[in-house]
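Read through the structure below, which is laid out as structure tokens, and then see the notes.
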Amino acid sequence: MKNLNIFIIVLFLGLNGFSEAQLTKVTGLAEYPFWLYLPPDSVLSNNPPVLIFLHGRSLSGTDLNRVKRYGVIEAIENGRSLPAIVVAPQVRSGNHWEPQKVLSVLKYVQEKYPTDSNRIYVVGMSLGGSGTFRFAGAYPHLVAGAVAIAGRGNEVDPCRLSQVNLWVIHGKKDYDVPLFNSENIVERIKKCNGHGQLLFTISPEHNHSTIARVFHKDDLYEWLFKQRKNVSSERK
Numbered sequence: 001m002k003n004l005n006i007f008i009i010v011l012f013l014g015l016n017g018f019s020e021a022q023l024t025k026v027t028g029l030a031e032y033p034f035w036l037y038l039p040p041d042s043v044l045s046n047n048p049p050v051l052i053f054l055h056g057r058s059l060s061g062t063d064l065n066r067v068k069r070y071g072v073i074e075a076i077e078n079g080r081s082l083p084a085i086v087v088a089p090q091v092r093s094g095n096h097w098e099p100q101k102v103l104s105v106l107k108y109v110q111e112k113y114p115t116d117s118n119r120i121y122v123v124g125m126s127l128g129g130s131g132t133f134r135f136a137g138a139y140p141h142l143v144a145g146a147v148a149i150a151g152r153g154n155e156v157d158p159c160r161l162s163q164v165n166l167w168v169i170h171g172k173k174d175y176d177v178p179l180f181n182s183e184n185i186v187e188r189i190k191k192c193n194g195h196g197q198l199l200f201t202i203s204p205e206h207n208h209s210t211i212a213r214v215f216h217k218d219d220l221y222e223w224l225f226k227q228r229k230n231v232s233s234e235r236k
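Heads up, the sequence shown is in the numbering used here, so the first residue is 1 and it goes up one at a time.
Written as structure tokens, this is what we have:
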């Protein structure tokens, strides 16, 4: 029997009318341990979207606190209020993200809380960027919007990804996961007859590490939260 450990940290957020939110560490209830961010009751009671954050290799392991080093949870702890339930699972060192295990985290949240099934989002960086391609490609019928940052998509069917609203972001000075990885998957997606919106941003000043600053940019979240699964978008 799996052990259940839940630790709750209450965050007092005074921005834009948000009075209280919860950041919860959850283990033993899904295939991955994960951080769970619950927005204030005023948001939670209105079927909020679910945002999945997949971290990179450097945050892998068994200590969930590593997942706070960069990304969506780090942005939340630095004052960003999000009108969504956020889950940030952790993969063990040496492993890749497995879509069906990520799905188990999503299912836990959907079974426990009221959510908008037309607004499921996934965003990830590096190993998590690759995981974003994998998850969105495995479940294009579920994902309303995905942001893959500095990832590899060489193992994913591009035509399945073409069914998803997808924003690919990569730093031009990335020598750990070179830019051609994103260029390649973007070109392959363009050849498919999908209905998803496709955006590709090359950041000229960023390398593999500094591209993490995008998690503090408003436009990332503004674009993501506009996407809905039951609304087709013109590809740009």
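Glycine residues also receive a C-beta, built at the ideal position from the N, C-alpha and C atoms.
Tell me the DSSP bridge mates of residue i?
i: A288; result: Limits of the chain in this structure are 1 at one end and 236 at the other, which puts residue 288 out of reach.
i: I76; result: Its beta-bridge partners do not exist; DSSP assigns none.
i: L127; result: According to DSSP, which records beta bridges pairwise, L127 is partnered with nothing at all.
i: V50; result: I85 and I120
So, are the CB atoms of residue i and residue j less than 8 Å apart?
i: S162; j: I189; result: yes
i: N118; j: R228; result: yes
i: P140; j: R160; result: yes
i: W97; j: V67; result: no
i: G124; j: G153; result: no
i: V109; j: A84; result: no
i: S93; j: S126; result: no
Measuring only the C-alpha atoms, how far is residue i from residue j?
i: L198; j: V122; result: 15 Å
i: P311; j: A148; result: The chain is shown only over 1 to 236; residue 311 falls outside these bounds and no answer can be derived.
i: Q22; j: I120; result: 20 Å
i: L187; j: D116; result: The identity of residue 187 in the sequence shown is Glu, whereas the question assumes Leu. Going by the C-alpha atoms only, they are around 31 Å apart.
i: H216; j: L224; result: 14 Å
i: S45; j: P114; result: 7 Å
i: E183; j: I211; result: 16 Å
i: N165; j: G129; result: 15 Å
i: V143; j: V214; result: 21 Å
Considering only residues of the stretch 152-208, which uninterrupted alpha helix (DSSP H) runs meet the minimum length of 4 residues and lie entirely inside it, listed in chain order? 158-161 and 180-190
Tell me whether the stretch 105-124 and the stretch 24-39 touch, counting them as touching only if at least three CB pairs, one residue from each stretch, are closer than 8 Å. yes
Where in the stretch 55-118 do unbroken runs of the beta strand (DSSP E), each at least 3 residues long, occur, reported from the N-terminal end onward? 85-89
Three Cβ pairs or more, each shorter than 8 Å: is that satisfied between the stretch 53-65 and the stretch 78-95? yes
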